[in-house]
Every structure is written in C-alpha cells, then in structure tokens.
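The numbering used here numbers the first residue of the sequence shown as 458 and each following residue consecutively.
A virtual CB, placed ideally from N, CA and C, is assigned to each residue, including glycine.
Just so we're clear, the structure is a prediction, and the values are computed from it rather than from any experiment.
Worksheet: the structure to be examined is printed underneath.
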Amino acid sequence: MTARKVLCIIPNTFQRGPAAAWKAHMQNHHVIVAGAGPVGLTAALLLARAGLRVTLLEKRATLNQASKASTFHAPTLAVLDHLGVLQAMREQGLQVDHIQYRTTELGIIGEIALRELEAVTDYPFRLHLEQSRVTPMLLAQLQALPNAQVCFETGLVDARNVPGGVVVTVQDAAGTRDIAADYLLGTDGAHSQVRQAAGIAFDAQPYPGAVLRVLTDESLDRLIPGLRPISYLVNGAASASFLRMPDCWRIILRVPAEVALERAQTSGWVLGRLRQLVPDLAGLPNILGMDVYSASRYAAPAFRNGRIYLAGDATHLSNTRGGMNMNCGIHDAYAIAGAMVRAFRENDQTLLDAAADARRDVATQQLLPRTDAMVSAQVSWLENVQRILADPQERLAFLRRTAMLDMAPELARRLPATL
Numbered sequence: 458m459t460a461r462k463v464l465c466i467i468p469n470t471f472q473r474g475p476a477a478a479w480k481a482h483m484q485n486h487h488v489i490v491a492g493a494g495p496v497g498l499t500a501a502l503l504l505a506r507a508g509l510r511v512t513l514l515e516k517r518a519t520l521n522q523a524s525k526a527s528t529f530h531a532p533t534l535a536v537l538d539h540l541g542v543l544q545a546m547r548e549q550g551l552q553v554d555h556i557q558y559r560t561t562e563l564g565i566i567g568e569i570a571l572r573e574l575e576a577v578t579d580y581p582f583r584l585h586l587e588q589s590r591v592t593p594m595l596l597a598q599l600q601a602l603p604n605a606q607v608c609f610e611t612g613l614v615d616a617r618n619v620p621g622g623v624v625v626t627v628q629d630a631a632g633t634r635d636i637a638a639d640y641l642l643g644t645d646g647a648h649s650q651v652r653q654a655a656g657i658a659f660d661a662q663p664y665p666g667a668v669l670r671v672l673t674d675e676s677l678d679r680l681i682p683g684l685r686p687i688s689y690l691v692n693g694a695a696s697a698s699f700l701r702m703p704d705c706w707r708i709i710l711r712v713p714a715e716v717a718l719e720r721a722q723t724s725g726w727v728l729g730r731l732r733q734l735v736p737d738l739a740g741l742p743n744i745l746g747m748d749v750y751s752a753s754r755y756a757a758p759a760f761r762n763g764r765i766y767l768a769g770d771a772t773h774l775s776n777t778r779g780g781m782n783m784n785c786g787i788h789d790a791y792a793i794a795g796a797m798v799r800a801f802r803e804n805d806q807t808l809l810d811a812a813a814d815a816r817r818d819v820a821t822q823q824l825l826p827r828t829d830a831m832v833s834a835q836v837s838w839l840e841n842v843q844r845i846l847a848d849p850q851e852r853l854a855f856l857r858r859t860a861m862l863d864m865a866p867e868l869a870r871r872l873p874a875t876l
C-alpha cells in the first residue's frame, strides 16, 4: 500500500530579538483549525499571533456569504477589539444602545439603556453587523501573518489521535493527503466532520415550529412609531423581533408548528402575522428577501477527545432568541486558544482539557437554559421584564445576562495585548 503524502508546513522565520528563543519554541508547534467561520478565524488568529504555526482549513472556495448571525455582545466585542477589527466593525455596523419591549395590548412596556452596563464593561452596547462582513476582516489579519496558512477548497476527511499529536486527512483539488499537527480544533459547524471523526455524538433536538427571517429596506420605525433598533413584540403566542441593521431591518417571526413552511413564506401569511402583532399596520413593508430555518438544541457530550477539540456550532446549538450562540462560540475560541497557548508554554495539556470542559459547562448550564427560557413562557418573560424595570440592581443583573457578561466575566474589560 502506498503511504499517503504528509504535507509539511515549513517553519517561518521570526525576527531576532530578546524573545527570539521563545518564538522559536512556539513556531515548532503546529495547530490545525477546521472551519473558517467567525469562530475558526478567531481561534486561528489568536493562535497565530501567539507565534504558533497555524493551518486553517475551509472546504468552501471562499468565506461563507450566507446571512447568519448579526448581533455582537460586549464580551465578543472585547475579543474582536483585541484582534484589531472592532474599529472597522463600528464603522460598518450599527451600534445599539437600547432594548425595547412591547405588547400589542400595552404598546411599549419598557426600554433599557445599555449604557447602564458602563459600570461592568468597557463595551456598554451591542453591535449589529452581518457576520459575513466580519469574517473578511479576520481573514485579512490572519493572512498577513507569515506563520499562518489558509487553505480554501480543502475539506477534512478524517482525523485521528497519534502519540503526541494528531493526523488530519484532507482532500483538495490535488487529491488526498495527511497533515500532522500537535492539535486539531474543529470549528466546522453543526454538521462537523471533526466531531464525527472524534467519535463525539450528535443528537440535536429541534425546537417546535420554525423561524422566518424577513428583510426589508423600509424604515420600520416610521411604520411602527418609536421602534428601537432592537425591539421585542409579543401578543399571546405570537411574537416578533425587530433588528435594525446598517442597510435594512430584520423581522424575525416564529412560525407555529401547524403552519406549512411554504405558506409561511408568502406575503399573505407574513402580513397576517404582522397585523396580529401590529393591528393598524397599513400594509406589508417592501420585502428584500425572506428565508425560513429550524432552530435546534444541542450540547456535545464532550468538547474534546485526545488532542482533538471542538468549539462553536460543532459543540452547541441554541434558540436564536437573544443572538447568543455565535457569541458563545467566539468565547469558546478565545478560551480554548488561550489555554492551548498556555499548554504549549507549560507543557501541560490538562490546562487545555480543563478549558474545554469549562466551556461545556457554560453551554449546558448557562447558554441552553437561558435561550430555552426566552421562548418557553412569553407571559412570564414579559412579567419579568416589567418587574426589573423598576429596580436598578435587578436591571443591571438582567442586562449582564442579556449581554452574556455573566457567562464570560473575564471578557468584560479590554484585554491585554497577549494571551
């Protein structure tokens, strides 16, 4: 049998100086990251900036341009500021300073100003920007580093633990070959090939119904007076989230399980649902596009196997309410990349194992219960909002939870220059 070709990653030369010996030590280590979404790019950039040799694999020919996550919370902004892309994001994105809550019967029941978070974070706001606008910024930073290699149209076929490292089988236009590395980090999404290769089970449970996302270029704050850039509207079992983006509005509607998906994507159903929530709505706003998707609930039984680690959608999926899952994935990337650097420095893989286990605890004990609660009982949720509006301490605690600061308290403030 002919042995597979092992791709050699040639060490890069770092500048000489006081830290030259340390840089030489780090460049002798190699990490493969599979998946060039926001989580994978974050991890790869953090690792490469620490001096490690990094190979980023992406099965697509280019970065994914699909419209996906668009809300960036305070802890995530801290990571992206650390990576040097926040200023560009703020120039292209929309800063959100208030959260509004409404019911059809009562109208505006309350608003919360995110500036109240100034007491606990350097980033007291949300930023709305398509993730497809952020990933090119991260990619440009990564490709500027001589110790990073980005391989598009290169899919991971298999991965296996070997003594002291991993061997990853990839396929590209030239054929199939093996790449050796110290560690593999799978950030390749809900259908993760890395997770499958690691033998980690996937048993996602779908939430009832589906989610319809409608894009409009009309000014919804004129059609619905007083509407804030992020507003939640509830009328019994019907609900909508309104998110203003830099160039459009997103309307997020929950589609009941008994409604056929084809029907939900018709103008008639959308207008009927909106009028159920806003009875005096004159007509359907101009629609740029719409798509429907199902949300699922999942937490991997393990975030690691040997020297194979997972992060992001490969490890957890949650309801889209609150925009938390991608943010949690970027927090995964920061924690695991930082632990990986420390593991190399101290020659102690248990540091990395502990970080992966801690991220699973966050997913199972905080992320999933929180996003479940956001959709399980609309009435009690709204009563809770009304209750906290009158209590400054309760309001700050509530804001910390919605901003995910309690899930990642270490990311509340500006981060140090190095991991």
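Valine 624 sits away from tyrosine 640, with the two beta carbons spaced by 8 Å or more. Annotated three-state conformation of methionine 797 is helix, per DSSP. By the 16-neighbour rule on beta-carbons within 10 angstroms, valine 619 is exposed. Shown here, isoleucine 744 sits in a strand according to DSSP, grouped into three states.
Of the residues assessed, alanine 493 falls on the buried side of the cut-off, its CB having 16 or more other CB atoms within 10 angstroms. Per the coordinates, the alpha-carbon of leucine 738 lies some 22 Å from the alpha-carbon of aspartate 748. Secondary structure in the region 621–683: the beta strand (DSSP E) runs of 3 residues or longer, each lying completely within the stretch, are 622–629, 632–638, 640–643, 667–673 in chain order.
Three or more beta-carbon pairs separated by less than 8 Å are not found between the region 571–578 and the region 481–491, which leaves the two stretches without contact. DSSP places aspartate 579 in the coil class of the three-state scheme, outside both helix and strand.
Listed as beta-bridge partners of glutamine 606 by DSSP are Thr512.
Here the region 804–812 does not lie against the region 655–662, with fewer than 3 beta-carbon pairs under 8 Å apart.
Pairwise C-beta distances place the region 703–717 out of contact with the region 602–615, as fewer than three of them are shorter than 8 Å. Counting only unbroken stretches of 3 or more residues, the beta strand (DSSP E) elements lying wholly within the region 498–556 are 510–515, 551–553, in sequence order.
Taken atom to atom, the span from the alpha-carbon of alanine 535 to that of leucine 503 is near 13 Å. Taking 8 Å as the upper bound for CB-CB distance, leucine 767 and valine 651 are in contact here, some 6 Å apart. In this structure, histidine 539 and leucine 846 do not form a Cβ contact; the two beta carbons are roughly 34 Å apart against a cut-off of 8 Å. When rounded, the separation of the alpha-carbon atoms in tryptophan 726 and serine 589 is 29 Å. Exclusion of the five residues before and after isoleucine 681 leaves Val735 as the residues of its chain whose Cβ lies within less than 7 Å of its Cβ. About 6 Å separates the beta carbons of arginine 857 and valine 577, which is inside the 8 Å limit, making them a contact pair. In the structure shown, the three-state DSSP call for serine 775 is coil.
If you look at serine 753, you'll find it in the beta strand (DSSP E) that goes 753–756. Sequence-distant Cβ neighbours of valine 668 in its own chain, meaning closer than 8 Å and more than five residues away, are Ile709, Leu710, Arg711, Val712, Val749, Tyr750, Ser751, Ala752, Thr777. Taking C-beta separations shorter than 6 Å and ignoring five residues to either side along the sequence, the partners of aspartate 554 in its chain run Leu571, Phe582, following chain order. The Cβ atoms of leucine 551 and proline 703 sit closer than 8 Å to each other. Residues Gly492, Gly643, Thr644, Asp645, Gly646, Ala647, Ser649, Val651, Arg652, Ala757 of the same chain have their beta carbon placed closer than 8 Å to that of alanine 771, with the five preceding and five following residues left out of the count. Our two residues, valine 591 and methionine 546, have alpha carbons roughly 7 Å apart in a direct line. Within the DSSP secondary-structure output, histidine 487 pairs in a beta bridge with Arg510. By a beta-carbon distance limit of 8 Å, glutamate 568 does not contact arginine 730. Their separation comes to about 24 Å. A distance below 8 Å separates the beta carbons of glutamate 610 and aspartate 629.
In the three-state DSSP reduction, alanine 792 falls in the helix class (H, G or I). Closest in alpha carbon position to glutamate 562, among Val511, Asn692, Leu700, is Asn692. Under the 8 Å Cβ criterion, the region 787–800 counts as touching the region 808–825, having at least three qualifying pairs. For phenylalanine 801 and asparagine 784, the gap between their C-alpha atoms comes out near 26 Å.
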